[in-house]
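Trainee:
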Amino acid sequence: MRRSGGELTFQDLRERGTSVLLESGIPEAPRDALLLLQNAAGLDAAGLLARLDRPPPDDAAALFREFVARRAAREPAAMILGRTEFWGIPIRVAPDVLIPRPETEGIIEEALRLSARDGLGLRTIADIGTGSGCLAIALAAEFPDARIFAADISPAALDLARTNVEAAGVSARVRVIEGDLFEPMGSLSLEGGIDLVVANPPYVRRGEIDSLAPEVSRWEPRAALDGGPDGLSVIRRLIDGARRFLRPGGFLVFEIGHDQGPGILDLLDRSGFVEAVVAPDLAGLPRVVVARIPERDERPSSSGARKGQECSVC
Ligand code: GLN
C-alpha cells in the first residue's frame with residue numbers, strides 16, 4: 062500500500078515489522094508488530110486501524126523500527142514498552158521483575174472462589190515474592206477490606222512494586238516490604254494471623270532455565286525463575302513459612318510448573334495442609350495450587366492427608 066509519493070503507510074510498516082519478527086521466529090509476530098506500532102505512534106488500536114492507509118510521522122516510524130529491532134533480538138514486548146496489564150490493571154515492568162503472565166491471574170480467580178464459596182474472610186493477605194506487585198494490586202482491587210503485605214528480597218523489584226501500587230491507588234492498603242520470603246512478616250508479628258498467602262515463586266529447575274524461550278532466559282531475572290536443582294527449593298520454604306504464618310483455616314495459593322503437581326501435593330500433605338488441589342490454567346495445565354491449614358479443632362481424619370487428591374489434570 063505504497064502511496065503515490067512513495068511514502069510508507071502505517072499498514073506498510075505493520076507488514077514489514079511483522080515479517081521481520083516472523084523471520085526472527087516470534088510466533089506472536091502479527092500481534093506484537095501491531096502493539097509496537099500503536100505505541101510508537103501513541104495511538105490505541107482503533108486509532109491505528111483508522112489510519113492504516115496514511116503515512117505515519119517520521120518520529121513514529123523511526124521509533125517503530127527501533128522497537129522491532131529490539132523485539133527481533135527477543136526482548137519481550139512488555140519490556141520494550143516498560144509496561145503490561147495484569148487483571149486489567151496497568152503494571153510497569155523492567156528487567157528486575159518477572160513480567161506478569163495471564164496464567165498467574167488464576168491465583169486471583171482462586172482467591173475469589175475461596176472468598177465466595179468458602180466464605181473465607183480476607184482481612185490479612187501476604188504476597189510472597191511480589192516482584193512487580195501485580196498479585197498484591199489485583200487482590201487489593203478485589204478485596205477492598207483487606208490489608209496486603211507484599212514482600213520481596215529484591216530492592217529494585219520493590220521500587221517498581223511501590224510505583225505500581227501507588228499508580229493503582231491502593232497504597233493505603235498494600236504495604237510493600239523488603240525481605241526473604243516471610244522474614245518481614247515475622248518482624249510485623251503476623252505469625253498465625255494471615256488469612257491468605259499467595260505467591261508466584263521461582264519454580265523452574267535450574268538446569269532448564271537456558272532452554273526456556275529467549276524472552277524468559279535472557280531478559281527476565283534469574284532470581285524470579287530459579288527454583289534450584291529440582292525446581293522446589295523456594296516452594297519448600299514457602300510451604301514451611303505459610304504453615305507458620307497462616308491462621309488456622311487460612312489458605313495458601315501459589316503457582317507451580319505444569320509437571321510439579323503431584324510432588325507438591327505430597328509436600329503439602331506432609332506439612333500438615335489439607336484439601337490440597339491443583340487448578341488448571343487456561344491452557345488446561347495444572348498451574349495453581351490451593352491448600353488449607355486445618356482449623357484448630359479439626360480432626361486429623363477429616364483434615365489428614367488426602368494424598369494427591371483431585372489434581373484434576375496432573
Ligand atoms: N511461568 C514462568 C516460565 O516458565 C516461570 C515463572 C516462575 O518461575 N514463577 O516462564
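Just so we're on the same page, the numbering used here is the position in the sequence shown counted from 1, plus 61. Glycine included, each C-beta is placed from N, C-alpha and C at the ideal position.
1) Taking the beta strand (DSSP E) that residue 209 falls in, what are its first and last residues?
2) For the beta strand (DSSP E) that contains residue 310, what are its first and last residues?
3) Ligand 1 and residue 316: does any heavy atom of the ligand fall closer than 7 angstroms to the residue's C-beta?
4) Given the structure, does residue 162 come close to ligand 1, in the sense that its CB is under 7 angstroms from one of the ligand's heavy atoms?
5) Would the C-beta of residue 273 count as close to ligand 1, meaning under 7 angstroms from any of its heavy atoms?
6) Which value, in whole angstroms, describes the spacing of the CA atoms of residue 231 and residue 150?
7) When you compare each of 70, 313, 154 and 297 to residue 3 by their alpha carbons, which one comes out closest?
8) Whole angstroms is fine: what's the gap from residue 229's alpha carbon to residue 223's?
9) What residue range is occupied by the uninterrupted beta strand (DSSP E) comprising residue 448?
10) In three-state terms, what does DSSP make of residue 334?
11) Touching or not, the region 230–246 and the region 198–215, by the rule of three or more beta carbon pairs under 8 angstroms?
12) Return yes when the C-beta of residue 261 is under 7 angstroms from any heavy atom of ligand 1, and no when it is not.
13) Would the C-beta of residue 154 count as close to ligand 1, meaning under 7 angstroms from any of its heavy atoms?
14) Using the Cα positions of residue 219 and residue 249, report the straight-line distance between them to the nearest angstrom.
15) Mapping the DSSP letters down to three states, classify residue 364 as helix, strand or coil.
16) Between residue 132 and residue 138, which are expected to be in contact by the criterion C-beta below 8 angstroms, what is the C-beta distance as a whole number of angstroms?
17) Would you give the residue range spanned by the alpha helix (DSSP H) that residue 224 belongs to?
18) Mind the definition here: the region 151–159 touches the region 321–341 only if three or more C-beta pairs lie below 8 angstroms; say whether that holds.
19) Buried or exposed: where does residue 167 fall if 16 or more other Cβ atoms within 10 Å of its Cβ makes it buried?
20) State the Cα-Cα distance for the pair residue 262 and residue 292, rounded to the nearest angstrom.
21) What do you get for residue 110, buried or exposed, if any count of 16 or more other CB atoms within 10 angstroms of its CB means buried?
22) Just mark residue 242 as buried or exposed, buried being the case when its beta carbon has 16 or more other beta carbons within 10 Å.
23) Please report the residue range of the beta strand (DSSP E) in which residue 257 lies.
24) Give the DSSP-derived three-state secondary structure of residue 120 in the structure shown.
25) Using 7 angstroms as the cut-off, classify the Cβ of residue 338 as near or not near the heavy atoms of ligand 1, replying yes or no.
26) So residue 354 packs on residue 286, CB below 8 angstroms; how close in whole Å?
27) Going by the C-beta, is residue 313 closer than 7 angstroms to any heavy atom of ligand 1?
28) Rounded C-beta distance between residue 192 and residue 235? I'm assuming under 8 angstroms.
29) Give the DSSP-derived three-state secondary structure of residue 146 in the structure shown.
30) Ignore the nearest five residues each way along the sequence and tell me which others in residue 279's own chain have a CB closer than 7 angstroms to its CB.
31) Within the present structure, is the beta-carbon of residue 159 separated from the nearest heavy atom of ligand 1 by less than 7 angstroms?
32) Thinking just about the alpha-carbon of each residue, which of 311, 209, 129 and 346 is nearest to the one in residue 180?
33) Could you tell me whether any non-hydrogen atom of ligand 1 is closer than 7 angstroms to the CB of residue 258?
Mentor: Reading it off the structure:
1) 208–213
2) 307–316
3) yes
4) yes
5) yes
6) 12 angstroms
7) Missing from the structure shown is residue 3; the chain here goes from 62 to 375 and no further.
8) 10 angstroms
9) Residue 448 cannot be examined here, being either before or after the span of the chain that is shown, 62 to 375.
10) coil
11) Contact between the region 230–246 and the region 198–215 is present, because at least three Cβ pairs lie under 8 angstroms.
12) Yes, the beta carbon of residue 261 sits closer than 7 angstroms to at least one heavy atom of ligand 1.
13) No, the beta carbon of residue 154 sits no closer than 7 angstroms to any heavy atom of ligand 1.
14) 18 angstroms
15) Low local confidence applies: a pLDDT of 39 at residue 364 is under 50, so the model's placement there is unreliable, with the coordinate-based value given in what follows. Helix.
16) Cβ-Cβ separation between residue 132 and residue 138: approximately 6 angstroms, consistent with a contact (criterion under 8 angstroms).
17) 216–228
18) no
19) buried
20) 10 angstroms
21) exposed
22) buried
23) 255–260
24) helix
25) no
26) About 28 angstroms separates the two Cβ atoms, so there is no contact after all.
27) no
28) The pair is not a contact, with the Cβ atoms about 13 angstroms apart (cut-off 8 angstroms).
29) strand
30) Around residue 279: 135.
31) yes
32) 311
33) no
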